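S.K.: The structure follows.
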Amino acid sequence: MKPLSKFFTPPLSDDDRSLFFRCLGFTDMRYRLLETCGTIVLRAKHYQGLEGQALLGTVAALQSSPEPLLLRRHAMQSLTEEPLHRPPSLWEELFPYPFSLVGRLFEEEPDRQLQLTPPALKTQLKLLWDALQSLETRMSETEVSCLWLRGGSAEAPLELPILFHYVRKKRIRVGTAPSLRDMGETYRRGLLGDEALWEHFGTQSAFYYLGLEGLSSGPDFIPSLVDRILRMLEAGEKPSEILASPALPVPPADPAPASSQFEL
Amino acid sequence: MTPNPETSGASASSSFSYADEPSNRWQELLRDARAAGASTVSVPIYWGAHESLQGTRDFSKSSRLRLERFLQIAQEVGLDASVTIGFPPGRETLPAWTGALPSKTLVPASAADRVGLALIPIPSLHSPAFRDAFFGFVDEAFSILSLYRKPEGPVARVLVDFGAYASDFCAMESAGYLRALQSRYPTIQALNSCYTTSFNGFDAVTTRQGLRVLNDRRGWLAAFDYKWCREVALQALRSEIAKLPSAAPLADLFAADESGSSLPSTGSAWGIAFEATLLEVPRRGACFPFAPGGNITELAANAFRLWEYFADHAGRDGRDLTLLPLWRAETLSLPPLAVVVSGKYLSQAAFHALAEHLEAGGGIFFPLGLPQYDERMGSHPWGPSRDRTFTTLAGVQLSRFTRGAGTVWFASPALPFADSLWGSVAAIASSLGQEGGNA
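Protein chains in written order, with numbering that gives the first Met the number 0: chain A, 0 to 263; chain B, 0 to 438.
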């Protein structure tokens, strides 16, 4: 599909969501997914990052594993119904299935069929949910926002530009397109100011650069990820201080980022 | 404009949703497609786009909906148009106002471009209000298309696509389903005899509760009957559409639905053939457990878990994974040794496809036991029991017999439902594949 306008992009594909997941560094996360209908097991899978492996064991065996467990309980003998036009949360929009289900735990009306253990992981992921909510609040201040993610390692960097379209602060569309990749380059050359953004999108727009290289891979991984997002948002008023952080990559500083750009 | 993965080479085609493209770019995009070697363009006509207001159909006012203009450009550029009408997947498949219609049906999430194990309520195809409105739209679209049929115009093919409705889980509530069931079982006694039930009439069978009873009695047969009746009901609807007066000039252009799901063979010595009656397989989506009326049985859940298990392992090991046919006679492209994952039942069409494989000298291994019954509840005569020999491979006792030029092995007793299943199947299949090769 070709763009209808400069900010019309194809919606995120499964591959894009997988790339988002990898950019954020969830590649090694291990957990189990168990879906039941009463006493019937519908789906049991072990996940390491994006790789899922179906399991045929009993419920007791599946629940006895020390790995985190995402449990979804449907009603007895009856699958859950979901409305056709259920607006997805930002979390569901961005994360691949089944990790996308986790977001439903934190919605205003949490999905009571879902359970995530251990509670410590749930708490950490709630912080990530909150950080993404803050990001969305910021992004919705302009009609179009481009979030440019850079993760992975120095040897194998991963990049994903995501375009968000808001009308009256309501998310209308999320997508990506190869043409957006040029914007990342323009930004890195320090040439992406308000004017260039206006010229590209023809509307009020903002560019957010979220660098996620070198994140902790241990138990502090999720808190450090949350910290990066929040620092990027806080940098709105004073990006130069954040750019000076020694642990972080330093993109060209001249010309200074315009007020609509945020960078870590 | 996207290339169509189903076609390649000289007769390449591209899909083009004109309603999703700015009309001032149609010519450029179609020219690009022609220059890239396409001879045909697949064109979905979205009801949701053309009738966003109930009763007001727009084929000419909005620039993006000017169907005639689009067809003229396709002809100028030298492209044939293969038009899909009905419910092709897309964001404007259904008009938003149909969501307010009271009668709903349930479809698997994967049939509605969603993920996960959930059911999505959509307007029922069988509600008179929905149906009348849909037929009205189709009628008007056909009158336009008939002006542009080949050779005067570019329209070379018309396909009626039922989209998510091909996976409708509440089809039993339609009159077409009832008629199909009555054609399958001449009397209610015949049905009761098959299911060991005591229904007084067909009306009681074609309710959610009635179907639940059938499911509990004979889950596999209930699934087979349901899918068969749903398919017959959709075919009847397709015929009704083709009989609309405005469709007459297009009669010879109507094409059969081509929803092939087989993947190209990897050429490996053995692969998996899955008996999928208890699965719902939306054309463009992932498998889903069979759940008519939204109800699910342990049998369907187990079939779905086995499917996921075998699909995961086959994908990792680079093994073929084929679905066995339900009712259409199909010649399958099976590897030399087909590991058939099934329960006690196989459809006659599947039996036939496997018999062809054996006649051609292929081998079959049933790790979960030898299927015995078909959809008529007839016991399948695999051959005289005295011809069977026994052997042990990877610690599993196997029975073996020959049929035609081929050989059948089956685990007796069946391999257990456990995480070690793939390891056992792979060890046995590798040995048998070697044996077959040596033979």
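Idealized CB from N, CA, C, for every residue including glycine.
No experiment lies behind these values; they were computed from the predicted model shown.
According to DSSP, is residue 119(B) part of a helix, a strand, or is it coil?
M.R.: Reduced to three states, the DSSP call for residue 119(B) is strand.
S.K.: Determine the closest residue to residue 221(A) out of 115(A), 121(A), 81(A) and 80(A), with distance taken between C-alpha atoms.
M.R.: Residue 221(A) has its Cα closest to that of 121(A), out of 115(A), 121(A), 81(A) and 80(A).
S.K.: How should residue 197(B) be labelled, buried or exposed, when 16 other C-beta atoms within 10 angstroms of its C-beta is the threshold for buried?
M.R.: So residue 197(B) ends up on the exposed side.
S.K.: Let me confirm a value: residue 45(A) is counted as buried when at least 16 other C-beta atoms fall within 10 Å, else exposed. Which label applies?
M.R.: Flag for residue 45(A) reads buried.
S.K.: Given that residue 416(B) touches chain A, what residues does it touch there, using C-beta distances under 8 Å?
M.R.: Per Cβ cutoff of 8 Å: 55.
S.K.: Let me check understanding here. Comparing Cα to Cα, which of 17(B), 114(B) and 106(B) lies closest to residue 68(B)?
M.R.: Residue 68(B) has its Cα closest to that of 17(B), out of 17(B), 114(B) and 106(B).
S.K.: From residue 105(B) to residue 278(B), what does the alpha carbon distance come to, in whole angstroms?
M.R.: Each residue's Cα considered, the two are about 15 Å apart.
S.K.: If you draw a straight line from the alpha carbon of residue 148(B) to that of residue 72(B), how long is it in whole angstroms?
M.R.: Looking at the two C-alpha atoms, the distance is approximately 14 Å.
S.K.: So, using beta-carbon positions, are residue 341(B) and residue 365(B) closer together than 8 Å?
M.R.: Yes, these two residues count as a Cβ contact at 8 Å.
S.K.: Just list the residues that DSSP pairs residue 85(B) with in beta bridges.
M.R.: In the DSSP output, where bridge partners are listed per residue, residue 85(B) has 160(B).
S.K.: Please return the same chain residues whose Cβ sits closer than 6 Å to the Cβ of residue 246(A), not counting the five positions on each side in sequence.
M.R.: The predicted model places residue 246(A) with a pLDDT of 39, which falls under 50 and marks its position as unreliable; any figure quoted below should be read in that light. Same-chain partners within the cutoff: there are none.
S.K.: Please confirm if residue 420(B) has its CB atom under 8 Å from at least one CB of chain A.
M.R.: At least one chain A Cβ lies under 8 Å of residue 420(B).
S.K.: Tell me residue 169(A)'s beta-bridge partners as DSSP assigns them.
M.R.: Answer by DSSP bridge pairing, in chain order: 166(A).
S.K.: Are the beta-carbon atoms of residue 166(A) and residue 140(A) separated by less than 8 Å?
M.R.: No, the pair does not count as a contact, with Cβ atoms beyond the cut-off.
S.K.: Could you name the residues of the same chain whose beta carbon sits closer than 8 Å to that of residue 227(A), not counting the 5 residues immediately before and after it, in chain order?
M.R.: These residues qualify, in order along the chain: 209, 210, 211, 214 and 263.
S.K.: By the 8 Å beta-carbon criterion, what residues does the segment 75 to 103 of chain A contribute toward chain B?
M.R.: Correct list: 76, 77, 78, 79, 80, 81, 82, 83, 84, 96, 97, 99 and 100.
S.K.: For the segment 16 to 34 of chain A, which residues have a beta carbon sitting closer than 8 Å to at least one beta carbon of chain B?
M.R.: Within the segment 16 to 34 of chain A, the qualifying residues are 34.
S.K.: Establish whether the CB of residue 52(A) and some CB of chain B are separated by less than 8 Å.
M.R.: Yes, residue 52(A) lies at the interface with chain B (some Cβ there is under 8 Å from its Cβ).
S.K.: Can at least three beta-carbon pairs, one atom from the segment 49 to 57 of chain B and one from the segment 122 to 129 of chain B, be found at a separation below 8 Å?
M.R.: Verdict: no, contact absent.
S.K.: From residue 19(B) to residue 63(B), what does the alpha carbon distance come to, in whole angstroms?
M.R.: Distance between the alpha carbons of residue 19(B) and residue 63(B) is about 7 Å.
S.K.: Identify the continuous alpha helix (DSSP H) that holds residue 47(B) and give its terminal residues.
M.R.: Note, residue 47(B): alpha helix (DSSP H), 46 to 49.
S.K.: Relative to the C-alpha of residue 237(B), which residue among 50(B), 113(B), 396(B) and 84(B) is closest?
M.R.: Measuring from the Cα of residue 237(B), the nearest candidate turns out to be 84(B).
S.K.: Going by DSSP, which residues form a beta bridge with residue 114(A)?
M.R.: The partner list for residue 114(A) (beta bridge, DSSP) reads 70(A).
S.K.: How close, in whole Å, do the beta carbons of residue 140(B) and residue 44(B) come, if the pair is a contact with beta carbons under 8 Å?
M.R.: 6 Å between Cβ atoms; contact.
S.K.: Should residue 145(A) be flagged as near chain B, meaning a C-beta pair shorter than 8 Å?
M.R.: No, no contact with chain B.
S.K.: Is the separation between the beta-carbon of residue 298(B) and that of residue 310(B) shorter than 8 Å?
M.R.: Going by C-beta atoms, residue 298(B) is not nearer than 8 Å to residue 310(B).
S.K.: What does DSSP give as the partner residue(s) for residue 356(B) in the beta ladder?
M.R.: DSSP output for residue 356(B) lists no bridge partner at all.
S.K.: Would you please state the rounded distance, in angstroms, between the beta carbons of residue 118(B) and residue 107(B)? I believe it to be under 8 Å.
M.R.: Confirmed, Cβ separation roughly 7 Å.
S.K.: Please classify residue 75(A): is it buried, with 16 or more other beta-carbons within 10 angstroms of its beta-carbon, or exposed?
M.R.: Exposed, by the Cβ-count rule.
S.K.: Measuring only the C-alpha atoms, how far is residue 125(A) from residue 105(A)?
M.R.: The alpha-carbon atoms of residue 125(A) and residue 105(A) are separated by roughly 7 Å.
S.K.: Measure the Cβ-Cβ separation of residue 370(B) and residue 344(B) and say whether it is below 8 Å.
M.R.: Yes; because the gap between Cβ atoms is below 8 Å, this pair is in contact.
S.K.: Please list, in chain order, the residues of the segment 211 to 224 of chain A that have any C-beta partner in chain B closer than 7 Å.
M.R.: Within the segment 211 to 224 of chain A, no residue has a Cβ that lies closer than 7 Å to any Cβ of chain B.
S.K.: Is residue 59(A) close to chain B, meaning its C-beta is less than 8 Å from at least one C-beta of that chain?
M.R.: It does not; no Cβ of chain B falls within 8 Å.
S.K.: Starting from residue 166(A), find everything on chain B with Cβ-Cβ shorter than 8 Å and list it in chain order.
M.R.: Going along chain B, no residue has its Cβ under 8 Å from residue 166(A), so there is no contact; the nearest lies around 16 Å.
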